[in-house]
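Every letter in the sequence shown is one number past the one before it in the working numbering, and letter 205, counting from 1, is 209. Heads up, the thing below is written out as structure tokens.
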Amino acid sequence: MTLYRVVRAVVVAVCRLLFRVTVEGQEHLPATGAYVLAPVHRSFVDFGIVVGVTHRRLRYMGKDSLWSWRPFGAFLTALGAFPVHRGAVDREAFRRSIEVLAEGDPLVLFPEGTRRRGPVVEDLFEGAAYVAARAGIPVVPVGIGGSERAQPKGTRLPRPAKVHVVVGEPLPPPPPKPSGQVSRRAVHELTLRLQQELQQLFDQAQTQAGVVPSSG
């Protein structure tokens, strides 16, 4: 936790300096207990921006390639992050997700799976909804506006730009079946609702960040 607090303080300070980050809706974040934090994902800097929405320790699931350089991978692990192998069912990552949530920590999962481009939130993966449903915890949608302008996908370094974050109200998990299993339909419906909420929050955050909507 000491390492996490130090790194968080540095990251938040840098984000405020470079991106003039402002956050609204923090009152929607549960003060205790686990939840899935589900932000939109338009830039690599989203990881650093999200850490500033709460003083609670956030856990991250990251793509396994981030662990390819062992010193950096060890650093990420020390901060409580763990890798996921994209493109296939990763039972180990799912198991770790449930363990993290069982410990009471919030878990950051980007439901778009990877960085996307443009103003439309679409084609969400169902992992965030599924993990939340299996753990019986809420999903908190988060819109991040302006981060794509700060560091578009494919660029190496960020540049100064205004970023605004909007935290939405928690979406409750669907009730389990009598057998204790999670309905695939319920997970799908939660994913659709999450997509709708993310689009509204993303639009709001983009407006507050001064991003001009695309005419296309």
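Glycine residues also receive a C-beta, built at the ideal position from the N, C-alpha and C atoms.
Next item on the list: Please determine if the region 18-32 and the region 168-179 are in contact, where contact requires at least 3 C-beta pairs separated by less than 8 Å.
Entry: yes
Check: Using DSSP with H/G/I as helix, E/B as strand and the rest coil, what is Ala213?
Finding: By one-based count along the sequence shown, residue 213 stands at place 209. Looking at Ala213 - three-state DSSP - the assignment turns out to be coil, as it is neither helix nor strand.
Check: Tell me the DSSP bridge mates of Lys157?
Finding: Residue mapping note: residue 157 aligns to position 153 of the sequence shown, counting from 1. None; Lys157 has no bridge partner.
Notebook entry, point to check: How long is the line joining the alpha carbons of Asp207 and Ser183, rounded to whole angstroms?
Noted result: Position 203 of the sequence shown, counted from the start, is the residue given in the question as residue 207. Position 179 of the sequence shown, counted from the start, is the residue given in the question as residue 183. Looking at the two C-alpha atoms, the distance is approximately 39 Å.
Notebook entry, point to check: Using CA coordinates, which residue listed in His192, Leu33, Val40 is at the minimum distance from Asp127?
Noted result: Taking the sequence shown and counting its residues from 1, one reaches residue 127 at position 123. Comparing Cα-Cα distances from Asp127 to each of His192, Leu33, Val40, the minimum goes to His192.
Note to self: Give the list of continuous beta strand (DSSP E) stretches no shorter than 3 residues that lie fully inside the region 13-84.
What the structure shows: 26-28, 40-43, 63-67
Next item on the list: Determine the DSSP secondary structure at Ser219, reduced to helix, strand or coil.
Entry: Indexing the sequence shown from 1 puts residue 219 at position 215. Low confidence applies to Ser219: its pLDDT is 49, below 50, so where it sits in the model is not reliable enough to give any reading.
Checklist line | Endpoints, the alpha helix (DSSP H) within which Val135 is located | finding: Working through the sequence shown from its first residue, we reach residue 135 at position 131. Element bounds for Val135: 131-139.
Item checked: Complete runs of the alpha helix (DSSP H) confined to the region 161-217 [at least 4 residues] -> 188-212
Next item on the list: Assign Ser72 to one of two classes, buried (16 or more other C-beta atoms within 10 Å of its C-beta) or exposed (fewer than that).
Entry: Here residue 72 is taken as the residue at index 68 of the sequence shown, counted from 1. By the neighbour-count rule (16 or more Cβ atoms within 10 Å), Ser72 is not buried but exposed.
Checklist line | Where Phe263 sits in the DSSP three-state scheme | finding: Residue 263 is absent from the model: the chain starts at 5 and stops at 220.
Notebook entry, point to check: Can the beta-carbon of Pro115 be found less than 9 Å from the beta-carbon of Phe98?
Noted result: Translated into the one-based positions of the sequence shown, residue 115 becomes position 111. Translated into the one-based positions of the sequence shown, residue 98 becomes position 94. Result no, Cβ atoms of Pro115 and Phe98 do not sit closer than 9 Å.
Check: Between which two residues does the alpha helix (DSSP H) harbouring Val104 extend?
Finding: To locate residue 104, count along the sequence shown from 1; it is residue 100. Here the alpha helix (DSSP H) through Val104 covers 95-106.
Item checked: Span of the beta strand (DSSP E), counted from its first residue to its last, around Pro145 -> Looking up residue 145 in the sequence shown gives position 141. 143-149 is the extent of the beta strand (DSSP E) around Pro145.
Item checked: Sequence-distant residues of its chain with Cβ nearer than 7 Å to Ala139 (five each side left out) -> If you number the sequence shown from 1, residue 139 lands on position 135. Excluding positions up to five away in sequence, the list reads Ala38, Ile102, Leu105.
Next item on the list: Excluding the 5 residues preceding and the 5 following Pro180 in the sequence, name in chain order all residues of the same chain whose CB lies nearer than 7 Å to its CB.
Entry: For the purposes of this step, residue 180 is identified with residue 176 of the sequence shown, where counting begins at 1. Closer than 7 Å at the Cβ level, and outside the excluded window around Pro180, lie Val186.
Check: By Cβ distance below 8 Å, which residues in the same chain neighbour Met65 in space, the five residues on each side in sequence not counted?
Finding: As a working mapping, residue 65 is identified with position 61 in the sequence shown. Once the five neighbours on either side are set aside, the close Cβ partners of Met65 are Ala85, Phe86, Pro87, Val88, Ala97, Arg100, Ser101, Leu111, Val112, Leu113.
Next item on the list: Rounded to whole angstroms, what's the CA-CA distance from Val54 to Ala35? Just pull it up for me.
Entry: Taking the sequence shown and counting its residues from 1, one reaches residue 54 at position 50. Taking the sequence shown and counting its residues from 1, one reaches residue 35 at position 31. Taking the straight line from one Cα to the other gives about 16 Å.
Check: Secondary structure at Val112, three-state DSSP: helix, strand or coil?
Finding: Stepping through the sequence shown from its first residue, residue 112 is reached at position 108. Here Val112 sits in strand by DSSP.
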